[in-house]
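Here's the structure we're looking at; comments come further down.
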Amino acid sequence: MEKDKLNAVFDGLKHGESAFHELMMWRIRRVMLILPHYDAWILEHDAKLSDQIVGEYHQLNLTTVPRLVTVPNCREALELLAAQSFDLLIIGIRVGELSPIELAHEAKLLQSDLAILMLLSSRSDLAIVEREKYTADEMGKDIARGRQKNGRSIRNPLGMTFDAKFLWTGDSRLFLAMIKYVEDLRNASDDTKDGRVGVLLVVENSIAFYSAYLPLLYGEIMTQTQRLIAEEMNDNDKYWRMRTRPKILLARDWEEAVYLGEKFRTSLIGIVSDIAFERDGKLDEYAGFALIERFRRNGVEVPVLFQSSDEGMAGEARRQGTRFQNKHSGNLHREIRRFILEELGFGDFVFRNPDGSYLSRVQTLREFALAVESMPSKTLLYHSDRKDYSRWMAAHGEYQVARRIREVKTTDFPTPELLRDFLVRSFREVRESRHKGRLVDFSCDDPGASGSVARFGSGSLGGKGRGLAFFNALLNNSSWGDSFAPLSIEIPRTLIIATGEFDRFLEETGLLPEFEGGKTLNDWELREAFLKRPLREELMAVLNAFAEFGPLAIRSSTLLEDSQSIPCAGVYDTFMLPEISAPGRRVEMIAQAVKLVWASTFSADATVYRNALGVGREEEKMAVVVQRMSGSKHGSYWFPRLSGVAQSFNYYPIAPMGREDGVARIAIGLGRSVVEGEKAYLFCPAFPSIPWGIPEDKWREGQTHFWALKETTSEMDLKRGESGSLERLTIRDAENLKVLSHMASTWDPVGRRIVDGIKTPGVRVVDFRDILEYEWLPLSPLLDQLLHITRSAMGIPVELEFSVDWNGDIPEGSVFSLLQVRPLITSIETILRLPLRPSDERLILRSDRSLGHGLIGNIKDIVWVDPELYDSGDTESLRINVASLTEKLAREGRYAILIGPGRWGSKDRFLGIPVNWTEVRQAKLIVEIHRGPGDPEPSQGSHFFYNLISLGVGYAHINYSNLDNFVNWELLRKRCKTVGPVCLSSFEKAIEIVMDGKNGLTWAAL
């Protein structure tokens, strides 16, 4: 993905939705009110205008409260307008030496884009306006120029000097309505593009009536919009909902109504109209009826509410299939509310039989979609013919799908079932598109609509959570992944329990005192303390809802974990949970896993690791990632076909590869094989066909075992960690489960070569040749591009954990799942000036494949494993001896160099000594010895190796086949103070350790 495309994608997702900021671009922020001191004082103190406006805005969760500036006369108003910018001018009837229309004209000359309203303070002012006939003809500047239709002038309210006139009757909501009226009028043209916002047209010529009516209408629309906001799953969606509420546009005569109706015909969701109003400058007693007939002839079919002072009009209104309300009935507010709820679709959707009898009621989009799937055909057709579906979708802010549904007819579908399929598909697209790539709050009522990544609780998402949420947004807001068909890209469904729940659990359950004042518990006591305390009911409900998504991985996501400066990969606990038949037991297991992940924050290993980083316990907080496990069922096991780790930086490139080309390690089954340093296949995504080593190496060092989740596990001891639910299987098991094809070849011992495929008998070699060399799946190009994108997005080298799964023996439908994203610490610095390389007689060791940069001083000890006494079948006892010497050094405050054959920290004890970080924490330089064929390749991609780098521990690999690599075993043996294969050699003089990160060289010398 090119840099400019990546920038464009990021700009679109920074605030969740780029279109969000395109709505309501014109906002009223500064208002000038021009009234005599007395009238202004009455409004401010008697009506408490400022307090009322602020209160109304906050009550409705509106974010921008306008600032109100009051001036007493036209002279001061014009002086202020000349010096400062305003959005709205509200002019009283008495403004000094100028008339309101003259002041409005002068104001427009100063600020041409200024919105201007006239405010009448009393009914006597209204009488003056009507008596002196402030008509459109006398105020020529109020008339829109130039638009003609059928020989008559068509009035455009955007072209008027006064946008409207209002009568103040003491209702503070009038000012909110006035402000929103102007904002709607100014924004409607842009906001209704592409069907993003609907329009409610109000036709009324009485200033007194619409001044009382619009506040009711705005208040009810916003109240019902607030009610619908409860369905939304994050703050951006809530703000989006408020910005996509219907625009309310006011027309005061036939010409305005026709102009607005035609301009916004595709966005109209309803019409509220008087019946008698001016048409061609004359009062027409039946203008409202004629207007609706005109709209219907032009294909505008929307709900209509007629209102009139003449009760005799009710019969005709009903004959036209519309609602009617007497203006003076006293039930105006109630009827407005009924119209909005029942006709515009803001209320519950009530399914009825064709005879009007009640059938059922739904409240949410999910309930709506489920009901449509099972609704009787006659009911389905009945509501479709009435356009009820489109109205309800429009009220829920889904104007585009509402328009699509409204444009179809039942006769377009040969059978009701095809109509049903169309509706269900449309609703499903709405649910998926609304949260695609978004971080939303998890909804127990509709877990399926919560998107790929959802959160629960307040606070931080932690390191893993942040990475997943960001790249979920990035991947879903770009189309680059479409070019890797048939391999689709996904982030498995993920729930992130934010750090606020961790804090709340510690506080509400009384656990905090257990850790105050330096108190410590051993790991067993720690787990027991957390397990016996309950999670709060709301979190249990969330876990219960999320449990339906299949096998789950429960992982830590601390504030520091996978961060850019001090990552903590693999330090905290992870659990893999299968599906079991007893739902209650499954939810309890998930809850226990969450608590045990929290508990691992205080474990001995985590404490030692934080101390090494210089980080206090109070700086570390734990979020939890609950993620559906990618893969599928094979016999009684669950696993993906392959898993892996890819890094954008290659520590040990071989020609023609460069460090920036990256590297990947993949293995059959779950990713534990890779991250814990077991046998896995190494390749460069940019050069996938170039092998590491010769064919014999592939055969000798290839994967022999893999990890799978035991699907049949009904009971498991979570205190054992993920081992309690996993089983280590052989490659022969994989072949018996019929999952080995495309991932293995066969070793031909006679020809000393590897034969493609597994059709012939022989030893299987896991080399993924079909995928990497023949591109049965485009995994290599996908990884190559993904590494470049993620590195560019994060600004530093990165590491990805992923899996790939497919069904049967065909690539169609295969899925690449991105499981984790984290920064990769390379420690390649070149600023420090290093000393010259010493003479050979001073050398203790030398390596040309190392990592780290700088000088290490004050080291006088070396812990080393004698390669002549090393037994790969007895590495567990070697681990115990190494740990014992580490404890001795720690007690004495000494640090050391650690040297040994094989791969340090591997969980496969045949590949090296399976130490954890605590057991080697005094090492400042770790050296791996490669003695010859049969020894594993250097560490790369494991959690153990990754954390060494982040802690600044030097790393070196010494290969006996390279004459420039060297260990002075004779000197070490002379200085050895212990007996057995694990030795401690000490020196009186500090050892000089130099790491040249630029050239990958390390040496230690006396």
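Letter by letter, the sequence shown follows residues 159 to 1164 in the working numbering.
Just so you know, even glycine gets a beta-carbon here, dropped at the ideal spot from N, CA and C.
Proximity of residue i and residue j at Cβ, strictly below 8 angstroms
i: T716; j: M780; result: yes
i: V956; j: R980; result: yes
i: R187; j: P230; result: no
i: I649; j: V784; result: no
i: V189; j: D245; result: yes
i: Q794; j: E869; result: Looking at the sequence shown, residue 794 is not Gln but Ser. Cβ atoms of S794 and E869: closer than 8 angstroms.
i: A627; j: F585; result: no
i: L597; j: R613; result: yes
i: R830; j: V803; result: no
i: T732; j: A711; result: yes
i: F324; j: L275; result: yes
i: I1116; j: I1017; result: no
i: P574; j: L538; result: yes
i: T1136; j: L1129; result: no
i: F1226; j: R1131; result: What the structure shows of the chain is the stretch from 159 to 1164, and residue 1226 is not part of that stretch, so it cannot be assessed.
i: V566; j: E587; result: no
Euclidean distance between Cα positions of residue i and residue j
i: S1064; j: L1121; result: 27 angstroms
i: V782; j: S1042; result: 34 angstroms
i: L277; j: R578; result: 52 angstroms
i: H1088; j: G1138; result: 21 angstroms
i: S847; j: E931; result: 5 angstroms
i: T862; j: T948; result: 32 angstroms
i: A764; j: V729; result: 6 angstroms
i: V458; j: R476; result: 18 angstroms
i: F1068; j: Y1028; result: 11 angstroms
i: M698; j: V745; result: 8 angstroms
i: V460; j: E500; result: 13 angstroms
i: A294; j: K351; result: In this prediction, A294 scores a pLDDT of 38, lower than 50, which makes its location untrustworthy; the coordinate-derived value is nonetheless stated afterwards. Each residue's alpha carbon lies about 30 angstroms from the other.
i: I1151; j: V1111; result: 12 angstroms
i: G555; j: L372; result: 21 angstroms
i: F845; j: L935; result: 15 angstroms
i: Q465; j: R481; result: 8 angstroms
i: R437; j: G479; result: 23 angstroms
i: I337; j: L701; result: 45 angstroms
i: E737; j: G827; result: 18 angstroms
Neighbourhood of residue i by C-beta, 6 angstroms cutoff - its chain only, sequence neighbours within 5 removed
i: R344; result: W184
i: G356; result: P404, S425, I427, A552 and Y557
i: G503; result: R549, W550 and A553
i: L181; result: D349 and R401
i: D875; result: G882
i: A273; result: L246, D321 and V340
i: G789; result: W796, F797, P798 and D963
i: F707; result: R651 and R786
i: E237; result: none
Cβ separation of residue i and residue j, assumed to be a contact under 8 angstroms, to the nearest whole Å
i: A285; j: V361; result: That belief does not hold up - the Cβ atoms of A285 and V361 are roughly 23 angstroms apart, past 8 angstroms.
i: F509; j: S515; result: So it is not a contact: roughly 10 angstroms between Cβ atoms.
i: R887; j: S761; result: As written in the sequence, residue 887 is Leu, which differs from the Arg given in the question. Not confirmed; about 29 angstroms, so no contact.
i: V973; j: S646; result: 6 angstroms
i: S369; j: L332; result: 6 angstroms
i: V1023; j: I968; result: With a Cβ gap of about 48 angstroms, V1023 and I968 do not count as contacting.
i: E836; j: A866; result: Contact flag wrong, Cβ pair sits at about 14 angstroms.
Own chain residues within Cβ distance below 7 angstroms of residue i, not counting five before or after
i: A838; result: R823, I824, A825, S831, V832 and Q861
i: A751; result: I712, F733, L735 and L876
i: G615; result: I655, A656, G658 and E659
Cβ neighbours of residue i in the same chain (closer than 8 angstroms, five flanking residues each side left out)
i: R233; result: G254 and E255
i: G1060; result: Y1028, S1030, T1033, L1069, G1070, I1071, E1086, I1087, D1093 and P1094
i: V755; result: I712, R713, S714, Y730, D731, T732, F733, M780 and V782
i: D681; result: S761 and A762
i: G816; result: N808
Contact with chain C by residue i, beta-carbon distance below 8 angstroms
i: V462; result: Absent from the structure is chain C; it holds one protein chain and no more.
If you pair each beta-carbon of the stretch 1023-1041 with each one of the stretch 995-1009, do three or more pairs fall below 8 angstroms? No, because fewer than three Cβ pairs between the stretch 1023-1041 and the stretch 995-1009 fall closer than 8 angstroms, the two stretches do not touch.
If contact is defined by three or more beta carbon pairs under 8 angstroms, each pair taking one atom from either stretch, is the stretch 368-380 in contact with the stretch 439-457? No, the stretch 439-457 is not in contact with the stretch 368-380.
Counting Cβ pairs closer than 8 angstroms, one from the stretch 250-262 and one from the stretch 193-203, do we hit at least three? Enough Cβ pairs lie closer than 8 angstroms, so yes.
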